[in-house]
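From first to last, the protein sequence lines are chains A and B. This note's numbering puts the first residue of the first sequence at 167, with every later residue one more than the last. This note's numbering puts the first residue of the second sequence at 167, with every later residue one more than the last. Glycine included, every Cβ here is placed at the ideal spot set by N, Cα and C. Reading through the structure tokens given below for one structure.
Number of protein chains: 2
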Amino acid sequence: MDIRRANQIANTLEQLVFSGEFQDGERLDELKLAEQFHVSRTPIREALQVLVSSGMAEQIPRRGVFIRQPGPVELMEMFETMAELEAACGRLAAIRMSDKDLASLANANDRCQQAIRDTNHDRYYTENETFHQIIYRGAANTFLANQALQLQNRLRAYRRIQLRFRGRMDQSMNEHSQILSALTNGDADMAAQTLRGHVAIQGEKFHQLIASLNR
Amino acid sequence: MDIRRANQIANTLEQLVFSGEFQDGERLDELKLAEQFHVSRTPIREALQVLVSSGMAEQIPRRGVFIRQPGPVELMEMFETMAELEAACGRLAAIRMSDKDLASLANANDRCQQAIRDTNHDRYYTENETFHQIIYRGAANTFLANQALQLQNRLRAYRRIQLRFRGRMDQSMNEHSQILSALTNGDADMAAQTLRGHVAIQGEKFHQLIASLNR
DNA sequence: GTCAACATTATTGTATGCAAAAATATATAA
DNA sequence: TTATATATTTTTGCATACAATAATGTTGAC
């Protein structure tokens, strides 16, 4: 385990940022945070550096660290990038996944469907993440898989929203089936294409939501 | 400009790591570095955090920070990921690049060819980077472009090596032509495919080199 | 000579102090 | 009153001090 307080603080801050505790552009006051966490400024500063390097905050020299919630444009860009990363994983996974990998993917897919039948959104959500993570690993490229995992993590909070769309979960399951069969057949192009679409549509749903809110 | 010493130190350390100044697994001694840079441990520690978050070093709590030169396997993975990122950029750029963008791309390509005629490897090298960066920007997705730029930066030192292969530069220029025409024609799939191949072959050349050294 | 237990040293992680820069408040002139 | 100059306060960035843990060395039993 990680007994460094700075890292624990970084994790906590990350959670707080994700949960929208901070406004966009808000300055993260070192002294206040130090008081809140009952530590000195030093571990706080380290934690802030972590946020900055992950892109969740921006540092302006001699000014401070400001949290940067991604706006609609950047979010769309991130979803688009996620779609391309997943497509890349799918392309490689189609060639490289073992039968065992495919079996556990089918398994994860079943658990997704079960969660929908139970109308258990939370479970669907985590099982869906598992489904995708199996594909990342199936690409047999640790570096690429880590990139995908990182972005998946950053988009988690936003992906949740689009599940509320009517019929989205059923449609999503259809897409999963297509993805699963493409991977099973070893069809790299098809796997890439279906995965790209599957993820890209999440960005579009998100876009719709934003647009509807701004009306 | 950036007047924070810690960041300057991070940049310098980055250069030193790239230039192979440090052995793989070597511990970065905070006190030694503090003496070398004539600063206290504090800015050194900040700089080390930067290296860690960029993946160039690993931090083990209560032990220290150890530099991590990527081995052959990880390098291949990175090249493969780069190939997929560039393919993604190409796919989007084919649809989104303006005529002006295309003109500057053709221009960069010409300068690459000129550099080859002049047998100026260094110039070819930088002009080639420009060529690719224009495509990143052409994707009109800042987030994706930044991902690509980051990885391009990390692979810089290793990409250089493969240029030594006989005929590689000419072949590379042929590939550039194909890429340019695919983008000009707005053929997304072709752009993605040619770019993927163009970058992936660099990884393969690198692999050949490694293999030949280990004989 | 080898191994284990203990003492010593080195190194990391955190707290605190201080200087420089930025932000803010105050005073003064127009 | 507004604008500008100056003083005051905040806040960052770095230096130093200290505590806790890990690494190393030493001693003694076998």
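{"query": "Span separating the alpha-carbon of Asn273 of chain A from that of Ala213 of chain B", "result": "44 Å"}
{"query": "Under the three-state DSSP convention, the category Ala305 of chain A falls into", "result": "coil"}
{"query": "Cα-Cα separation between Cys255 of chain B and Leu310 of chain B, rounded to whole angstroms", "result": "7 Å"}
{"query": "Contacts of Glu240 of chain A in chain B (Cβ-Cβ under 9 Å)", "result": "Thr308, Phe309"}
{"query": "Simplified DSSP state of Phe232 of chain B, which is helix, strand or coil", "result": "strand"}
{"query": "Three-state secondary structure assigned by DSSP to Gln280 of chain A", "result": "helix"}
{"query": "Near-chain A residues of the stretch 223–236 of chain B (beta-carbon distance less than 7 Å), N- to C-terminal order", "result": "Pro227"}
{"query": "Interface partners of Arg170 of chain A on chain B, CB under 7 Å", "result": "Pro227"}
{"query": "Inter-residue Cα distance where the pair is Asn173 of chain A and Ile300 of chain B", "result": "37 Å"}
{"query": "Rounded distance between the beta-carbons of Ser219 of chain B and Val216 of chain A, thought under 8 Å", "result": "7 Å"}
{"query": "contact_flag[the stretch 276–295 of chain A, the stretch 351–361 of chain A] where n(CB pairs < 8 Å) is 3 or more", "result": "no"}
{"query": "Closer than 8 Å to chain A by CB, Phe263 of chain B", "result": "Just to set this straight, residue 263 of chain B is Met in the shown sequence, not Phe. No, because no Cβ of chain A sits closer than 8 Å to the Cβ of Met263 of chain B."}
{"query": "8 Å Cβ cut-off: residues of chain B touching Thr247 of chain A", "result": "Ala254, Asn307, Phe309, Leu310, Gln313"}
{"query": "7 Å CB neighbourhood of Ser270 of chain B in its chain, flanking five on each side removed", "result": "Ile300"}
{"query": "Alpha-carbon to alpha-carbon, Arg325 of chain B and Thr247 of chain B", "result": "14 Å"}
{"query": "DSSP three-state assignment for Arg193 of chain A, whether helix, strand or coil", "result": "strand"}
{"query": "Contacts around Gln344 of chain A, its chain only, beta-carbon distance under 7 Å, and the 5 residues preceding and following it disregarded", "result": "Thr360"}
{"query": "Length of the line joining the Cα atoms of Leu346 of chain B and Gln337 of chain B", "result": "14 Å"}
{"query": "Own chain residues within Cβ distance below 7 Å of Leu241 of chain A, not counting five before or after", "result": "Tyr324, Phe372"}
{"query": "Reduced DSSP category for Ile169 of chain B - H, G, I as helix; E, B as strand; rest coil", "result": "coil"}
{"query": "Whole-Å CB distance - Ile210 of chain B paired with Glu196 of chain B, under 8 Å assumed", "result": "5 Å"}
{"query": "Below-8 Å beta-carbon distance, Met244 of chain B vs any chain A residue", "result": "yes"}
{"query": "Interfacial residues, the stretch 177–206 of chain B to chain A, with Cβ spacing under 9 Å", "result": "none"}
{"query": "Helix, strand or coil at Glu224 of chain B according to DSSP, with G and I counted as helix", "result": "strand"}
{"query": "Residues near Asn307 of chain B by beta carbon distance below 7 Å, same chain, minus five either side", "result": "Leu258"}
{"query": "For His287 of chain A and Gly352 of chain B, the rounded distance between their alpha carbons", "result": "41 Å"}
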